[in-house]
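In this note's numbering, the protein residues as written are 18 to 406. C-beta atoms are modelled at their ideal positions from N, C-alpha and C, and glycine is treated no differently. All values reported here derive from a predicted model rather than from experimental measurement. Working notes, beginning with the structure itself.
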Amino acid sequence: MRGRFHLPDGLVYLDGNSLGVLPKDVPARLAEVIELEWGTALVGSWDSWMSAPVRVGDKIARLIGAGEGEVVVVDTTTIALVKLLGAALWARPGRNVILTTAENFPTDLYAAEGIARLLGEVEVRYAEADTVAESLDETVAVLMLTQVDFRTGAMFDIASLTKAAHEAGALIVWDLCHSVGAVVVECERDGVDLAVGCCYKYLNGGPGAPAFVYVRRELQDVVENPLPGWLGHEAPFDFTTTYRPAPGVGRFLSSSPCVLGISALDVALDVWEGVTMEAVRAKSEALTELFIEAVLERLGDELELASPRNRAERGSQVSFRHAQGYRIVQALIARGVVGDFRAPDLCRFGFAPLYLRFTDVFDAVEALAEVVSSHQYEAERYSIRRLVT
Ligand SMILES: *Cc1c(COP(=O)(O)O)cnc(C)c1O
């Protein structure tokens, strides 16, 4: 699979969990969309562009164990979360709590607090990661969790927590940003109600790629989009004064699709054809396991593992703690090994299974050992804070 991606020479890229690499087929396809579809055919292209959100959503569905017509590509993760949380709250009248964890990705929390304030009389309640199930009660309308923790890579069990939410009468929203394309997700089998995920991480859809929304088929005509727009209307070109939601997952559209972004994602997803998530997960586990073993063996006294040691409990990333973590990551980047830093002290390394090799893991560990053992990271230039860490 590695041959299908553009990978700069000499770079060991352990940040595919933040921004995935460029699939080789994307530039030519984008040029075609720009020059022919936009440049020449103009508005005549809208008929085919309009079907893209659901058509491209179907390519993602297979990767999260969903069926055809259950996924739509729309908005960005944050906006999609606002929509799904609002929809879930509306679908559970008489209940007024969004339950989540304080360690959740901050944008998820901001989205929850925002929709709570907008609807009024809604409370965002925080549970500890290990007491989520006990914190469910008859006031909870929706449980919102991110499966893979963006800091540590620790993973929630979708099946058991979805079941617990349902037993308490709540709906569940899973954030699959660090899951899709990295771990095995079975939305249909596990009874997941609603989910979102972003497409510029392991799916390689490009910077700012649109997100996806999953809505379980049985719920599609029950839940409503709290940010309705003309493209989620049953008949947008009737231009009627009253809103009638489209049947199916398409009702979660609001606006015209971002055609360039969705076109890049469309081609990026073709790479996954014929790839099973079981094979991806097996490679992912082998890569993270090798990295952890090698780092602990060589640097176990200097770096503290922040990710679960048990491979079944972590996603496709590994984080190590060090008081000078920011400088270590900057020194590594200067040597062509790209990871990232998450405050206050985490050096985070993502392992995108489609294009990373075991030899990349060895090279990364070698560079990390040199940077840490020789104290190279103490050089002043590595302390300069960049906007994006
Ligand atoms: C990456 C990520 C996001 C990104 O949100 P955008 O609105 O697409 O920028 C949201 N939630 C989680 C858990 C993420 O990892």
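For residue i, the residue or residues it bridges with in DSSP
| i | result |
| --- | --- |
| T163 | D192 |
| I115 | V141, V159 |
| H392 | The partner list for H392 (beta bridge, DSSP) is empty, contrary to what the question assumes. |
| Y30 | V355 |
| V91 | A228 |
Residue i, DSSP secondary structure in three states
| i | result |
| --- | --- |
| H183 | helix |
| G225 | coil |
| Q237 | coil |
| E321 | strand |
| S359 | Checking the sequence shown, residue 359 turns out to be Arg, not Ser. Strand. |
| M67 | helix |
| A340 | coil |
| P40 | strand |
| A263 | coil |
| R134 | helix |
| V346 | helix |
| V378 | helix |
| F308 | helix |
| R211 | In the sequence as displayed, the identity of residue 211 is Leu instead of Arg. Strand. |
| M172 | strand |
| R109 | coil |
| F22 | strand |
| F366 | strand |
| V335 | strand |
Whole-angstrom distance between residue j and residue i, CA atom to CA atom
| i | j | result |
| --- | --- | --- |
| A171 | L53 | 45 Å |
| A69 | P40 | 19 Å |
| L244 | T124 | 18 Å |
| G111 | G291 | 46 Å |
| Y30 | F379 | 13 Å |
| R326 | E319 | 17 Å |
| V165 | L220 | 15 Å |
| W191 | I96 | 14 Å |
| R46 | D207 | 36 Å |
| F375 | Y399 | 27 Å |
| A58 | P264 | 29 Å |
| V266 | E87 | 6 Å |
| Q393 | A119 | 35 Å |
| T179 | L248 | 30 Å |
| E235 | Y343 | 47 Å |
| L385 | L404 | 23 Å |
| M411 | I81 | Residue 411 falls outside the range modelled here, since the chain spans only 18 to 406, and no answer is possible. |
| N121 | T257 | 40 Å |
| S324 | R331 | 7 Å |
| M67 | D210 | 25 Å |
| D32 | A228 | 19 Å |
| S177 | G317 | 34 Å |
| Y127 | A133 | 10 Å |
| V276 | S62 | 10 Å |
| P361 | T406 | 11 Å |
| A181 | H23 | 43 Å |
| E395 | V284 | 43 Å |
| D255 | D238 | 21 Å |
| I51 | D154 | 52 Å |
| S280 | R72 | 11 Å |
| A351 | G27 | 12 Å |
Within the chosen definition, does the stretch 261 to 281 reach the stretch 74 to 93 through at least 3 CB pairs nearer than 8 Å? Here the stretch 261 to 281 makes contact with the stretch 74 to 93; the two share three or more CB pairs at distances below 8 Å.
Worksheet item: On the three-pair Cβ rule with 8 Å, is the stretch 308 to 324 touching the stretch 334 to 352?
Response: The stretch 308 to 324, when compared against the stretch 334 to 352, does touch it at the 8 Å Cβ threshold.
- Is there contact between the stretch 210 to 226 and the stretch 189 to 202, where contact requires at least three CB pairs shorter than 8 Å? Verdict: yes, contact present.
With distances taken from each beta carbon to the nearest heavy atom of ligand 1, which residues come in below 6 Å, in chain order?
-> Per the CB criterion, closer than 6 Å to any heavy atom of ligand 1, the qualifying residues run in chain order as T93, T94, T95, F122, T124, D125, T163, F167, D192, C194, H195, C215, A228.
Pairing CB atoms from the stretch 370 to 384 with CB atoms from the stretch 349 to 359, are three or more of them under 8 Å?
Result yes; three or more Cβ-Cβ pairs closer than 8 Å.
Below 8 Å, how does it come out for the stretch 221 to 240 and the stretch 35 to 50: are there three or more Cβ pairs, yes or no? In short, these stretches touch, since the Cβ pair count reaches three.
task: Say whether the stretch 292 to 308 touches the stretch 360 to 373, bearing in mind that this needs 3 or more beta-carbon pairs closer than 8 Å, one atom from each stretch.
output: Counting Cβ pairs under 8 Å, three or more are found: they touch.
Do the stretch 135 to 148 and the stretch 115 to 123 touch if we need at least three Cβ pairs shorter than 8 Å?
Three or more beta-carbon pairs separated by less than 8 Å link the stretch 135 to 148 to the stretch 115 to 123, which places the two stretches in contact.
Any contact between the stretch 178 to 189 and the stretch 154 to 169? By contact I mean 3 or more CB pairs, one from each, below 8 Å. Taking 8 Å as the limit for Cβ pairs, the verdict is that the stretch 154 to 169 does touch the stretch 178 to 189.
### Message
Assess contact between the stretch 102 to 110 and the stretch 143 to 154, defined as three or more Cβ pairs (one per stretch) separated by less than 8 Å. Is contact present?
### Response
Counting Cβ pairs under 8 Å, fewer than three are found: no touch.
query: When the Cβ atoms of the stretch 71 to 81 are set against those of the stretch 281 to 289, are three or more pairs found closer than 8 Å?
result: The answer is yes - the stretch 281 to 289 touches the stretch 71 to 81, with three or more Cβ pairs under 8 Å.
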